[in-house]
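Beneath this line is the structure, given in structure tokens, with notes to follow.
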Amino acid sequence: MTRKIDIFDTTLRDGEQSPGASMNTEEKLVIARELLRLNVDVIEAGFPISSPGDFESVRRISELAGDDAVVCALTRAIEKDIVVAADALKFAKRPRIHTGIGVSESHLRDKLRISGDEAIERAVKAVKCARNYVDDVQFYAEDAGRSDYDFLVKMIQAVVDAGASVVNIPDTTGYSLPDEFGRRIKYLVDNVKGIENVTIAVHCHNDLGMATALALSGVKNGARQIECTINGLGERAGNTAMEEVVMGIKMHPEDLDAHTDINTREFIKASRLVSSITGMNVQANKAIVGANAFAHSSGIHQDGVLKKRDTYEIIDPAEVGAGQSQIVLTARSGHAALKHRLEELGYEFDSEKLDQLYEAFLNLADKKKEVYDEDLESLVNERDRESNALYSLESVQISCGFPLKPTATLTMRCMDGEVRTVCDWGTGPVDAVYKAVNQVIDIENDLSEYSVQSVTRGIDALGEVTVRVKAEDGRVYTGRGADGDIIVSSTKAYINALNRLLSDNIASA
Ligand code: KIV
Ligand code: ZN
């Protein structure tokens, strides 16, 4: 029997650190339900001291997960962080506190400005403090990938002796090469006394595009937990992608002496869900979950695959949930069918919310005839965006064409309840409408990205617009909007991004 490797998902913590990928608590709960369906071992639900929203997410996900997964909360090696994390985790059946400190020369000298001995002292104190609240304490040695081997051994020995049950060895800057990172893990295995009684975890960033290779090299050399995210979301170039590392193990169980308990058939669904909620689109050629991951275009390849699938395909697409038969709802589908399908997609609603969604669904089905899963996800997300909105769209009308000057007439409901109508013109219809929105929501911002994608196929498909705006302080906010009319989607997306920016400003005021 091969070793069981624990899958630690950090989409809701490190993944959320991707610029523009912030999520509210309801969105995090939807993703957490999907993580449970994937059967992950650990959900890192947030960094409770960082914001009331993170605290609430950890609390609610703790209730949701029950016995089905360990729920983990991040802290710095600071007592106050740990006390707040323990409080957020108090309803978790299987709570874990994840505390840690920098260990590389760069972090010690330039960031923390303390000696190695002082860092060890703080780390030990933090682990002991966390052990007062929970039995399961995970320690992270930040920037371990660039640390001195013997100092790392000294640090890990100290935290193991202090009671850590998991030691996380991150390549925080994605600097390492796979062989070297593997040697580092092996060095710990060979030199830390009692390491066989704790779990070694790897947490690798993708700055050189090697996060998956690094994690697998760690596993080959003794790691028993991989930290990863759906679609590889995360700081800068992201983290190890769960779908890649799990399929890597599934393809090479003997070489790696490893298996996981992940329900891989959920991968495509999980990827779509996370992309739709965060607004981070998945590149078409992304391994496992990209739109082209199982597409064969050259004649030679097509010929081979038609003769025998594995001539050019190492994974059966069904194993990751690709190409499964779609349930299509229509205007004739009843309330129960909608509820059932939404539950299968991970959404649970009370009857009032379900009634509202059913009405929106019927409107869509009237226009579109066939309603796919992607349409439903879009519909649900659209309702969520609207229900939490400070400003909302009442109507938008455009006149444009050749040789007209594109002009927008826009009516919006403001946060004080006032309804305002404004007009503006621009170089194109989207420019005109965005200028009109700026008249109503007067907040400095820079539109740094605008993209439009069709949600499903066909001329009547919903068009989903994603925008990113940069606030004056450099923070990036993503907005999404979906509608059959892309001017409406564009308007909704921009208003959604500005609503997020404003909510943050209000929360931090
Ligand atoms: O990259 C990193 O080092 C981290 C730690 C907090 C685990 O995200
Ligand atoms: Zn990280």
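Per the numbering used here, residue 992 is the first one in the sequence shown, and the count goes up by one each step.
For every residue, glycine included, the Cβ atom is placed at its ideal position computed from N, Cα and C.
Please read all numbers here as calculations on a predicted model, not as lab measurements.
For residue j and residue i, the rounded distance between their alpha carbons
i: C1120; j: D1152; result: 14 Å
i: E1463; j: D1476; result: 31 Å
i: L1297; j: G1239; result: 25 Å
i: D1000; j: I1305; result: 25 Å
i: I996; j: G1006; result: 21 Å
i: Q1507; j: G1037; result: Nothing about residue 1507 can be read from this structure; the chain reaches only from 992 to 1500.
i: E1035; j: E1350; result: 36 Å
i: N1276; j: A1328; result: 34 Å
i: A1114; j: H1089; result: 11 Å
i: D1126; j: E1187; result: 18 Å
i: H1292; j: A1484; result: 40 Å
i: F1258; j: M1271; result: 16 Å
i: M1233; j: M1014; result: 19 Å
i: D1433; j: C1405; result: 11 Å
i: D1170; j: G1200; result: 15 Å
i: C1195; j: A1202; result: 5 Å
i: A1214; j: A1149; result: 19 Å
i: C1294; j: H1243; result: Checking the sequence, you will find Asp at residue 1294 rather than Cys. Between D1294 and H1243, the C-alpha separation is close to 27 Å.
i: S1511; j: R1374; result: Examination of residue 1511 is not possible in this model, given that the chain is present from 992 through 1500 alone.
i: D1474; j: N1372; result: 12 Å
i: S1289; j: Y1303; result: 11 Å
Check whether residue i and residue j have beta carbons under 7 Å apart
i: V1413; j: A1423; result: no
i: L1384; j: I1486; result: yes
i: L1130; j: G1091; result: Rather than Leu, the amino acid found at residue 1130 in this sequence is Phe. Yes, Cβ-Cβ distance for F1130 and G1091 is below 7 Å.
i: G1470; j: S1480; result: no
i: V1237; j: I1253; result: yes
i: V1458; j: A1488; result: yes
i: A1249; j: R994; result: yes
i: T1220; j: A1012; result: no
i: S1378; j: T1402; result: no
i: Y1178; j: Y1140; result: yes
i: L1224; j: T1016; result: no
i: A1079; j: P1039; result: yes
i: L1438; j: V1460; result: yes
i: L1264; j: E1025; result: yes
i: L1320; j: K1330; result: no
i: L1492; j: Y1468; result: yes
i: V1273; j: S1267; result: no
i: M1146; j: I1111; result: yes
i: V1094; j: A1068; result: no
i: N1182; j: V1158; result: no
i: R1122; j: L1065; result: no
i: F1502; j: A1313; result: In the structure as shown, the chain starts at 992 and stops at 1500, and residue 1502 therefore has no counterpart that could be examined.
i: L1029; j: A1261; result: yes
Range of the contiguous beta strand (DSSP E) that encloses residue i
i: M1242; result: It is not in any beta strand (DSSP E) - M1242 instead sits in the alpha helix (DSSP H) that spans M1233 to M1242.
i: Q1216; result: Q1216 to C1219
i: S1390; result: S1383 to S1390
i: Q1444; result: N1436 to S1445
i: A1284; result: No beta strand (DSSP E) contains A1284, which DSSP labels as neither H nor E.
Assumed close pair residue i, residue j - CB separation to whole angstroms, cut-off 8 Å
i: E1218; j: N1230; result: 7 Å
i: V1210; j: T1255; result: The Cβ separation is near 17 Å, so there is no contact.
i: T1190; j: S1156; result: 7 Å
i: I998; j: V1021; result: So it is not a contact: roughly 19 Å between Cβ atoms.
i: G1173; j: N1212; result: 4 Å
i: R1175; j: D1198; result: Wrong, their Cβ atoms sit about 17 Å apart, outside the cutoff.
i: P1394; j: G1417; result: Not confirmed; about 15 Å, so no contact.
i: R1085; j: V1061; result: 4 Å
Residue i - containing alpha helix (DSSP H), residue span
i: C1120; result: G1107 to R1122
i: Y1178; result: P1169 to N1182
i: N1159; result: Taken as a continuous stretch (DSSP letters only), N1159 belongs to no alpha helix (DSSP H), being part of the beta strand (DSSP E) at V1157 to D1162.
i: Y1131; result: Counting along the chain, Y1131 falls outside any alpha helix (DSSP H), though it belongs to the beta strand (DSSP E) covering D1127 to E1133.
i: A1488; result: I1477 to A1498
i: Y1425; result: P1420 to V1431
i: D1364; result: D1364 to S1378
i: E1070; result: E1070 to A1079
is_contact[residue i, chain C] using C-beta, thresh 7 Å
i: L1489; result: No chain C is part of this structure, which consists of one protein chain only.
Heavy atom of the ligand ATP within 6 Å of residue i beta-carbon
i: P1169; result: Although the ligand ATP was asked about, the structure shown includes only the ligand KIV and the ligand ZN as ligands.
> Does the segment 1355-1363 come within contact of the segment 1448-1464, defined as at least 3 CB pairs closer than 8 Å?
Replying inline: Contact between the segment 1355-1363 and the segment 1448-1464 is present, because at least three Cβ pairs lie under 8 Å.
>> Count Cβ pairs between the segment 1047-1058 and the segment 1276-1287 that sit closer than 8 Å; are there 3 or more?
In response: The segment 1047-1058 vs the segment 1276-1287: no contact.
>> Contact between the segment 1393-1411 and the segment 1037-1051 is defined here as three or more beta-carbon pairs at a separation below 8 Å; is this criterion met?
In response: They do not touch, by the three-pair rule.
> Should the segment 1164-1179 be regarded as contacting the segment 1099-1116, the criterion being three or more beta carbon pairs within less than 8 Å?
Replying inline: Output reads no: the segment 1099-1116 does not touch the segment 1164-1179.
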